[in-house]
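K.L.:
When we follow the numbering used here, the leftmost residue of the sequence shown carries the number 53, and every step to the right adds one.
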Amino acid sequence: MNEQANIDLVKQGYDAFAKGDIPRLLGYFAQDIEWTLPKVEGIDFTGKRRGLSQVAEFFKLMNDAQDTREFLADEYIAQGDRVVVLGHCSFTVKATGADYSDEWTHVFTISGGKVSKFKEYSDTHKAALAYQPRAGAAMGAGAGATPRPPIH
Numbered sequence: 053m054n055e056q057a058n059i060d061l062v063k064q065g066y067d068a069f070a071k072g073d074i075p076r077l078l079g080y081f082a083q084d085i086e087w088t089l090p091k092v093e094g095i096d097f098t099g100k101r102r103g104l105s106q107v108a109e110f111f112k113l114m115n116d117a118q119d120t121r122e123f124l125a126d127e128y129i130a131q132g133d134r135v136v137v138l139g140h141c142s143f144t145v146k147a148t149g150a151d152y153s154d155e156w157t158h159v160f161t162i163s164g165g166k167v168s169k170f171k172e173y174s175d176t177h178k179a180a181l182a183y184q185p186r187a188g189a190a191m192g193a194g195a196g197a198t199p200r201p202p203i204h
């Protein structure tokens with residue numbers, strides 16, 4: 053595939069994600085896809101995965117853990133079999149109620165018309181803070197703890 057076709061493939065994947073159509077999204081991936089996010093302690097959907105079933109599990113766990121308020125790709129850069137996407141996002145963590153926003157970079161490798169590798173780069177510290185239980189919620193009112201404000 054040429055670079056523009058690779059960008060188009062990745063854009064179709066983002067469109068499927070935006071519409072919540074995970075089965076269609078998975079159709080753009082190779083059976084043995086390598087899926088890598090930085091591992092963040094306490095966030096079950098982070099880390100490395102391989103194969104469509106593990107990537108499907110990623111999307112389920114992520115959806116169970118947080119609500120997406122915004123997720124936008126801002127720029128696409130292609131060279132050879134790679135597509136790099138720069139974007140930004142905002143989420144609300146269901147367990148803590150904390151909001152967080154971040155900028156991210158996604159690197160896709162395309163092989164045989166399918167995404168064979170995916171790697172995300174993001175600010176894991178922001179996510180880790182948003183997933184930490186709030187002291188006030190854990191200790192209860194009047195226990196001397198001050199709840200942290202949402203992280204933006």
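Positions of the beta carbon are idealized from the N, C-alpha and C atoms, including for glycine.
Decide if Q118 is buried, meaning its Cβ has at least 16 other Cβ atoms within 10 Å, or exposed.
P.N.:
With 16 or more other Cβ atoms from the protein chains shown falling within 10 Å of its own Cβ, Q118 counts as buried.
K.L.:
Would you identify the three-state DSSP class for D84, choosing helix, strand or coil?
P.N.:
If DSSP states are grouped into helix, strand and coil, D84 belongs with the strands.
K.L.:
Thinking C-beta only, is A150 closer than 8 Å to V92?
P.N.:
no
K.L.:
Taking the alpha-carbon positions, what's the Q83 to Q56 distance?
P.N.:
About 23 Å.
K.L.:
Spell out a yes or no on whether the stretch 104–124 and the stretch 69–89 are touching, meaning 3 or more CB-CB pairs, one atom from each, closer than 8 Å.
P.N.:
yes
K.L.:
State the beta-bridge partners of L124 as determined by DSSP.
P.N.:
H140
K.L.:
Classify R102 as helix, strand or coil using the three-state DSSP reduction.
P.N.:
strand
K.L.:
Could you pull out every residue in the same chain whose Cβ sits closer than 6 Å to the Cβ of K63, ignoring the five residues on either side in sequence?
P.N.:
none
K.L.:
Using 8 Å as the Cβ pair cut-off and three pairs as the minimum, do the stretch 130–147 and the stretch 69–79 touch?
P.N.:
no
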